[in-house]
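Okay, so the sequence shown: first residue is 17 according to the working numbering, each after it adds one. What follows is a short report on a single structure.
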Amino acid sequence: MTWQMWLAFLGAAWVISLSPGAGAVASMSSGLTHGLRRGYWNILGLQLGLLLQIAVVAAGVGAVLARSATAFTVIKWFGVVYLVYLGVRQWRARPADTETESPTRGGSAPALVLRGFLVNASNPKAVVFMLAVLPQFLNPAAPLVPQYLAIAATMVTVDVIVMTGYTGLAARVLTAMRSARQQTITNRVFSGLFLTAAAVLATVRRAATV
């Protein structure tokens, strides 16, 4: 991968990460509920899911997923159900007394990592999208492993920066809220975003992404 090709991919990575999606919603939800510091556990999980997606594409499994209607459908509906579950949990989340209760409530580090991982890992659309995009930045005449490592490092770095921004923005909202009504409304908004992401994923068809 030449420097020119890497710079082109770097621009694409920013566009991909900044695009609103389930990962951004999960990051903002974590920032809102747990604050920025603990929100990094969710970001770690998102990056593990992202690395899995890249590994799937690099191993050629992504092409199998793109061709298999059954595999695509199973993973897609798992993702839909999980996003709905997150939406219901966010809807039912209790407002906290910001003067007496810490934003670290209700979420262990492993649970936040797993949550972030599942959000990204259960999105077959992202795998098929990467399958279509990543090869455009590869030099087939050069060793592929170093190129995929460069792609993975670039995407993870950019995504950590972007998701930190989303998480930090939501954490600022958390510190500004004082009334239970404000927190309840915000929780309902994020619940709606999770459910919207689930609805969008449910409409994805394999034929439309290949």
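Here a beta-carbon is modelled for each residue, glycine too, at the ideal position from N, C-alpha and C. Everything numeric in this text was worked out from a predicted model, so none of it was measured.
Is there a Cβ from chain C that is less than 9 angstroms from the Cβ of residue i?
i, result
"residue 31", "The structure shown contains no chain C, having only a single protein chain."
Is it the case that the Cβ atoms of residue i and residue j are separated by a distance below 9 angstroms?
i, j, result
"residue 72", "residue 214", "no"
"residue 183", "residue 59", "yes"
"residue 132", "residue 185", "no"
"residue 145", "residue 24", "no"
"residue 211", "residue 103", "yes"
"residue 155", "residue 21", "yes"
"residue 159", "residue 88", "no"
"residue 187", "residue 34", "no"
"residue 142", "residue 69", "yes"
"residue 204", "residue 57", "no"
"residue 30", "residue 174", "yes"
"residue 202", "residue 216", "no"
Would you mind working out which of the options sits nearest residue i, comparing C-alpha positions?
i, options, result
"residue 65", "172, 151, 177 and 74", "172"
"residue 176", "67, 92, 23 and 164", "67"
"residue 99", "108, 134 and 74", "134"
"residue 200", "165, 49 and 30", "49"
"residue 181", "150, 168 and 40", "40"
"residue 197", "89, 109 and 53", "109"
"residue 27", "208, 54, 167 and 218", "167"
"residue 19", "143, 170 and 74", "170"
"residue 124", "55, 85, 207 and 86", "55"
"residue 219", "74, 85, 202 and 92", "92"
"residue 76", "178, 151, 208 and 207", "151"
Return the first residue and the last residue of the alpha helix (DSSP H) that residue i is part of.
i, result
"residue 49", "38–74"
"residue 33", "19–34"
"residue 127", "125–137"
Could you round the C-beta distance between residue i and residue j to whole angstroms and report it? I think they count as a contact, below 8 angstroms.
i, j, result
"residue 43", "residue 94", "Wrong, their Cβ atoms sit about 21 angstroms apart, outside the cutoff."
"residue 130", "residue 46", "Not a contact, Cβ separation roughly 12 angstroms."
"residue 85", "residue 164", "Actually they do not touch by this definition, with Cβ atoms about 27 angstroms apart."
Review point. Could you give the uninterrupted runs of the alpha helix (DSSP H) lying entirely in the region 139–197, keeping only those of 4 residues or more?
Key: With a minimum length of 4 residues, the continuous alpha helix (DSSP H) runs that stay inside the region 139–197 are 140–149 and 160–192.
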